[in-house]
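Colleague: In my numbering, the protein residues as written are 158 to 567.
Take this structure, written in structure tokens, and hold onto it; I'll ask about it next.
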């Protein structure tokens, strides 16, 4: 059996966007063979107690249908965090989707004092039964209370998963507590934590797997989304975590080959937006020298890249831009290796670029996209980039759309 735990960054109160992010991670986990995929505490809304009342819903809400469909199609069990309402009040809950079964809700039973003004306690422990295993779920604060783990063990659970939203201080406590409990009671413990801002603190990631001897098998970093897939039979963990950082000149040839792979893939689909003269090795070397080329890495493999700078093409001068008198940043040469496309990595690079724009107080982002690359055009339109006109570049049979997006301070 393979158990997947996800480490996610939630957008505050943005349920639809967070669901889309969950779906991407679920598909990646399923591709890695996960039978069960568990997310952090209140992962769909973000850990935001003050927003819980406005965002609460019920397990049968149609917004969750896609989770059930993925569960049915792949025979996987999916657990996501969401506030739910009962007669007693609002609960911190995990919604559990099982293939062709009634949806289940587990409501956190032991609340932290800070949570009691917003939530009420659940009454019963819920277990996941799969392939002869009995999995207990603990949600954040209660998972650090020995009586919660001991109750699960008394009920013959043989694996414990903590779904949490913890700060650096909280993770330090968890990193000391969970291996001790795992070793003492001979039960593997997995922890799924969030990254990014939650309520009034920064969630510190470091999602982890400890085996039944308390040994740390694998741990994600403190700032990036990712997956850990624990094989209970082999007692082995597969890690999948991407990160974005400034490109290194030592990786120039690898980066260039990725662009060539993408160019070939486009041409196989009848899209000739890149030529033998663009992009070239020397162009990429200049990007690296200027520190404007960022690479997306999955483990140690470079799978994407993006240029983020203030440099604009001369052809842009003919465009009637909306933010001509403002501080503007430009995106060039966004690429994802073909074997990693359609998995949300272009979205990750664009979110990074837009965050750079916000942090550096830019008013707008500009880019150009080949008019024959319909998928790319639709991708940018969904991200609220608007066409301001067209330009032509040498060696291309068709024009490029020049697109612009307003950047609003967070």
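Quick reminder that beta carbons are idealized off the backbone N, C-alpha and C, glycines included.
Taking just the CA atoms, how far does residue 395 sit from residue 456?
Modeller: Residue mapping note: residue 456 aligns to position 299 of the chain shown, counting from 1. Residue mapping note: residue 395 aligns to position 238 of the chain shown, counting from 1. Taking the straight line from one Cα to the other gives about 11 Å.
Colleague: Looking only at its chain, what residues have a beta carbon closer than 6 Å to the beta carbon of residue 444, apart from the 5 residues adjacent to it on each side?
Modeller: Working through the chain shown from its first residue, we reach residue 444 at position 287. Answer for residue 444: 450, 464, listed in chain order.
Colleague: Output needed for residue 328: all residues of its chain with C-beta closer than 7 Å, excluding positions within five of it in sequence on either side, in chain order.
Modeller: Position 171 of the chain shown, counted from the first residue, corresponds to residue 328. Cβ within range, chain order: 350, 361, 363.
Colleague: Indicate the three-state DSSP secondary structure (helix, strand or coil) for residue 266 in the structure shown.
Modeller: Against the chain shown, residue 266 aligns to sequence position 109. Three-state DSSP puts residue 266 in coil, outside helix and strand.
Colleague: Return helix, strand or coil for residue 355, following the three-state DSSP convention.
Modeller: Along the chain shown, one-based indexing puts residue 355 at 198. The answer is strand: DSSP assigns residue 355 an E or B state.
Colleague: Counting pairs of beta carbons, one from the stretch 332-345 and one from the stretch 366-377, are three or more of them closer than 8 Å?
Modeller: As far as the Cβ criterion goes, the stretch 332-345 touches the stretch 366-377, which means the pair count is three or higher.
Colleague: Provide the residue span of the beta strand (DSSP E) that contains residue 453, from first to last.
Modeller: The count along the chain shown starts at 1 and reaches residue 453 at position 296. Here the beta strand (DSSP E) through residue 453 covers 450-455.
Colleague: Would the stretch 469-489 and the stretch 425-433 be scored as touching if the rule is three or more Cβ pairs under 8 Å?
Modeller: These segments do not touch.
Colleague: Does the distance from the C-beta atom of residue 453 to that of residue 400 stay below 9 Å?
Modeller: By one-based count along the chain shown, residue 453 stands at place 296. By one-based count along the chain shown, residue 400 stands at place 243. The answer is yes: Cβ separation under 9 Å.
Colleague: Classify residue 327 as helix, strand or coil using the three-state DSSP reduction.
Modeller: Within the chain shown, the letter at position 170 stands for residue 327. Helix.
Colleague: Just confirm the distance between the C-beta atoms of residue 563 and residue 520, as a whole number of angstroms; I'd bet it's less than 8 Å.
Modeller: Along the chain shown, one-based indexing puts residue 563 at 406. Along the chain shown, one-based indexing puts residue 520 at 363. Their Cβ separation, rounded to whole angstroms, is 7 Å, which keeps residue 563 and residue 520 in contact under 8 Å.
Colleague: Quick one: measure Cβ to Cβ for residue 283 and residue 239, integer angstroms, because I've assumed they're closer than 8 Å.
Modeller: Taking the chain shown and counting its residues from 1, the one referred to as residue 283 is at position 126. Taking the chain shown and counting its residues from 1, the one referred to as residue 239 is at position 82. Not a contact, Cβ separation roughly 14 Å.
Colleague: In chain order, which beta strand (DSSP E) runs of at least 3 residues are fully inside the stretch 339-422?
Modeller: Whole beta strand (DSSP E) segments, 3+ residues: 346-349, 352-355, 358-361, 365-367, 373-376, 383-388, 393-403.
Colleague: Would you call the CB atoms of residue 160 and residue 347 closer than 9 Å?
Modeller: On the chain shown, residue 160 is found 3 positions in, with the first residue counted as 1. On the chain shown, residue 347 is found 190 positions in, with the first residue counted as 1. Yes.
Colleague: How would you call residue 286, buried or exposed, if buried means at least 16 neighbouring beta carbons within 10 angstroms?
Modeller: Here residue 286 is taken as the residue at index 129 of the chain shown, counted from 1. By the neighbour-count rule (16 or more Cβ atoms within 10 Å), residue 286 is not buried but exposed.
Colleague: I'd like to check one pair, residue 404 with residue 166: are the Cβ atoms closer than 9 Å?
Modeller: The residue given as residue 166 occupies position 9 in the chain shown. The residue given as residue 404 occupies position 247 in the chain shown. Not in contact: residue 166 and residue 404 (Cβ atoms no closer than 9 Å).
Colleague: Give the DSSP-derived three-state secondary structure of residue 313 in the structure shown.
Modeller: On the chain shown, residue 313 is found 156 positions in, with the first residue counted as 1. Coil.
Colleague: Hey, how far is the Cα of residue 523 from the Cα of residue 531?
Modeller: Start at 1 with the first residue of the chain shown, and residue 523 comes out as number 366. Start at 1 with the first residue of the chain shown, and residue 531 comes out as number 374. Roughly 18 Å separates the two Cα atoms.
Colleague: For residue 229, which of helix, strand or coil comes out of DSSP?
Modeller: The residue given as residue 229 occupies position 72 in the chain shown. Residue 229: helix per DSSP, three-state reduction.
Colleague: Count the other C-beta atoms from every protein chain shown that fall within 10 angstroms of the C-beta of residue 516, then say buried if there are 16 or more, exposed otherwise.
Modeller: Mapped onto the chain shown, residue 516 falls at position 359. Exposed, by the Cβ-count rule.
Colleague: On the criterion of 16 or more Cβ atoms from any shown chain inside 10 Å, does residue 437 qualify as buried, or is it exposed?
Modeller: Numbered from its first residue, the chain shown carries residue 437 at position 280. It counts as exposed.
Colleague: Just the C-alpha distance for residue 280 and residue 187, rounded to the nearest angstrom, thanks.
Modeller: For the purposes of this step, residue 280 is taken as the residue at position 123 of the chain shown. For the purposes of this step, residue 187 is taken as the residue at position 30 of the chain shown. Rounded to whole angstroms, residue 280 to residue 187 spans 32 Å at the Cα level.
Colleague: Between the Cα of residue 462 and those of 292, 482, 413, spot the shortest distance and give me the residue it belongs to.
Modeller: On the chain shown, residue 462 is found 305 positions in, with the first residue counted as 1. Nearest C-alpha to residue 462: 413.
Colleague: For residue 482, does the three-state DSSP call read helix, strand or coil?
Modeller: As a first step, residue 482 must be located in the chain shown, where it is residue number 325. Coil at residue 482, not helix or strand.
Colleague: Should residue 357 go down as buried or exposed, given a rule of 16 or more other Cβ atoms within 10 Å for buried?
Modeller: By one-based count along the chain shown, residue 357 stands at place 200. Counting Cβ neighbours within 10 Å, residue 357 comes out exposed, since fewer than 16 surround it.
Colleague: Can you find a heavy atom of the ligand GDP that lies under 8 Å from the Cβ of residue 474?
Modeller: With respect to small molecules bound, the structure shown includes none, and the ligand GDP cannot be examined in it.
Colleague: Taking the alpha helix (DSSP H) that residue 539 falls in, what are its first and last residues?
Modeller: Counting from one through the chain shown, the residue named residue 539 turns up at place 382. Here the alpha helix (DSSP H) through residue 539 covers 531-539.
Colleague: What does the alpha-carbon distance come out to for the pair residue 478 and residue 559?
Modeller: Counting from 1 along the chain shown, the entry for residue 478 is found at position 321. Counting from 1 along the chain shown, the entry for residue 559 is found at position 402. If I take the Cα positions, the gap works out to 9 Å.
Colleague: Quick check on the burial criterion: 16 or more other C-beta atoms within 10 angstroms. Buried or exposed for residue 377?
Modeller: As a position in the chain shown, residue 377 is number 220, starting the count at 1. Residue 377 is buried by the Cβ-count criterion.
Colleague: I need the DSSP call for residue 240, collapsed to helix, strand or coil.
Modeller: Against the chain shown, residue 240 aligns to sequence position 83. In the structure shown, residue 240 sits in a strand (DSSP, three-state: E or B).
Colleague: So the alpha helix (DSSP H) residue 502 belongs to, where does it begin and stop?
Modeller: The residue you call residue 502 lines up with position 345 of the chain shown. Residue 502 -> alpha helix (DSSP H) spans 502-516.
Colleague: Taking just the CA atoms, how far does residue 433 sit from residue 541?
Modeller: Working through the chain shown from its first residue, we reach residue 541 at position 384. Working through the chain shown from its first residue, we reach residue 433 at position 276. If you take the alpha carbons of residue 541 and residue 433, they lie about 31 Å apart.
Colleague: Just to check my reading of the structure: residue 526 and residue 537 have Cβ atoms closer than 8 Å, yes? What is that Cβ distance to the nearest angstrom?
Modeller: Residue 526 sits at position 369 when you count from the first residue of the chain shown. Residue 537 sits at position 380 when you count from the first residue of the chain shown. With 8 Å as the limit, residue 526 and residue 537 qualify as a contact, their Cβ atoms being about 6 Å apart.
Colleague: What is the residue span of the alpha helix (DSSP H) that residue 446 lies within?
Modeller: Locating residue 446 in the chain shown gives position 289, counting from the first residue. Segment 438-447, the alpha helix (DSSP H) holding residue 446.
Colleague: Buried or exposed: where does residue 219 fall if 16 or more other Cβ atoms within 10 Å of its Cβ makes it buried?
Modeller: Taking the first residue of the chain shown as 1, we reach residue 219 at position 62. With fewer than 16 other Cβ atoms within 10 Å, it is exposed.
Colleague: Restricting to Cα atoms, I'd like to know which of 359, 431, 344 is closest to residue 392.
Modeller: As a first step, residue 392 is located in the chain shown; it is residue number 235 there, counting from the start. It is 344.
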